[in-house]
Amino acid sequence: MTDFWAVFDVVFRRPELLWFCVLFVVGIPAFFFWKRKVVLQTLEDPWIRMHLPNAKLPSSLRYFFIAIGFGLLCSLLVAVIAEPERRLIHKEPVYGHIRVAFVLDTSLSMVRAEDVLPNRLAGAKEVIKRFVDKLWYAEDTKGHYSISLVPFAGGAVSLYLPFTTSRESFLESLENVDGQTITTAGTSLLAALNGYGELLRKYPARDKETVDIAILISDGGKEEGIGVERNEIGQEIKSLQGTVRIYTIGVGTVQVVGGKRIPQPVKLVIRGDDGSFDYMRRVQGNANSPPLVSSLDEDILQVVARMGGGEYAFFENKENLFGVFQDIILKNRKLIDYADRTLYVSAVKEFLIPAIILAFFLFGYVRSAAIFLRIRL
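According to UniProt numbering, the sequence shown is numbered sequentially starting from 1.
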């Protein structure tokens, strides 16, 4: 029964009900004609014939169509109950594999600076979570993705979360990242890139078409004086194998002067569980000691992006960063083929509408049929 409907690209979620169609198409006309035979035998009585003129009886041809029509009507209603769906073949784009590693700064300045609410690290994590959800569910960013997480500060954990296709595993690991994840204090972009390089060496791409993207999110660690690491950073980037692009995101406060962004120092904050508030100071416990500050180092982040074949972007706000992430993916996503995808859409209307039309047609003859079959309506 289902093979018959397959010719019309129609499938049923409850195909077992379709056997009732055979019963109705055959059984109802058979019942009508049996009843007609019985009635005709009854009408042989002259007294009945005298009180029931022939003009009030349905013609044989009309009666035939009514019998077939009722069988077809019941079959159409059964088809509706069987939940019909039309099968459509959709050409879906197939994209090459992209591996995205979020290299995330968890240093003290990322946790204690609140120019991005509730703090720099939490703000970045929030946007990353939203973006990963979009990768998994949105049509405009659909593709073949693996994602990884490399937290860093003065050091890095390269295998904190290796490449995974599990959204749930990634979000769980992201949630657990905090200021205590890396015990080595400071902000070392060299350590971050070394960690990313170790990840790629441990899990090399399986084919040449795979694009590896590192999205490094940091305030740059200007207070660490890491500019001296530039040569070593360049060597580490050159050692990366495959198609690798490194994008950097700068987190901090700037003032635009003459079209240029000038980094502004941001005081680092201490918030107690009891709601108390203070600034971190060079000499802790000394209220007269100058507060510790953090300033965005865009220069080093731009250098890293340029060396890595990517781009630098400033974390202006959460919505802006979300758009930056999306642009990165769309720039690197490669269309490699089209694949057939089978879609199923409801076909209830295709059976219900004919059933309604047929019912109106049939019930126009119910009164004469009722008289003929001696049915009280």
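Quick reminder that beta carbons are idealized off the backbone N, C-alpha and C, glycines included.
To which residues does DSSP link residue i through a beta bridge?
i, result
"D207", "Paired residue(s): none; D207 is not in a bridge."
"G250", "S218, F314"
"S346", "E85"
"A101", "S148, A214"
"S294", "V266"
"G275", "Paired residues: none, contrary to the question."
Contact check, residue i vs residue j under 8 Å by CB: the rounded distance?
i, j, result
"F363", "A79", "20 Å between Cβ atoms; not a contact."
"R99", "T210", "6 Å"
"V103", "V150", "5 Å"
"A192", "L159", "At roughly 14 Å, the Cβ-Cβ gap does not stay under 8 Å, so A192 and L159 are not in contact."
"L301", "G220", "5 Å"
"G186", "G154", "3 Å"
Express the C-alpha separation of residue j and residue i in angstroms, rounding to a whole number.
i, j, result
"I246", "I233", "12 Å"
"T183", "G252", "23 Å"
"F24", "P354", "16 Å"
"A214", "P290", "36 Å"
"A305", "R87", "47 Å"
"residue 378", "L200", "Residue 378 is absent from the model: the chain starts at 1 and stops at 377."
"G71", "T165", "53 Å"
"N332", "V269", "38 Å"
"C74", "V38", "23 Å"
"Y95", "E316", "30 Å"
"E139", "F65", "50 Å"
"R167", "N194", "25 Å"
"Q41", "D9", "47 Å"
"F33", "A82", "28 Å"
"K202", "S276", "45 Å"
"T106", "V127", "15 Å"
For residue i, I'd like the list of residues in its chain whose CB is within less than 8 Å of its CB, leaving aside the five on either flank, ordered along the chain.
i, result
"A287", "R281"
"S146", "H97, I98, R99, V100, F163, T164, T165"
Decide if residue i is buried, meaning its Cβ has at least 16 other Cβ atoms within 10 Å, or exposed.
i, result
"A101", "buried"
"P118", "exposed"
"A55", "Its pLDDT being 45, under 50, A55 is placed unreliably by the model, and nothing is read from it."
"Y137", "exposed"
"Y206", "Residue identity check: residue 206 is Arg in the sequence provided, not Tyr. R206 is exposed by the Cβ-count criterion."
"K349", "exposed"
Within its chain, find whatever has a CB closer than 6 Å to the CB of residue i; leave out the 5 residues flanking it on each side and keep chain order.
i, result
"G310", "R245, I246, Y247"
"G285", "none"
Can you list, in chain order, the residues of its chain whose CB lies under 7 Å from that of residue i, leaving out five sequence neighbours each side?
i, result
"L17", "V78, I81, A82"
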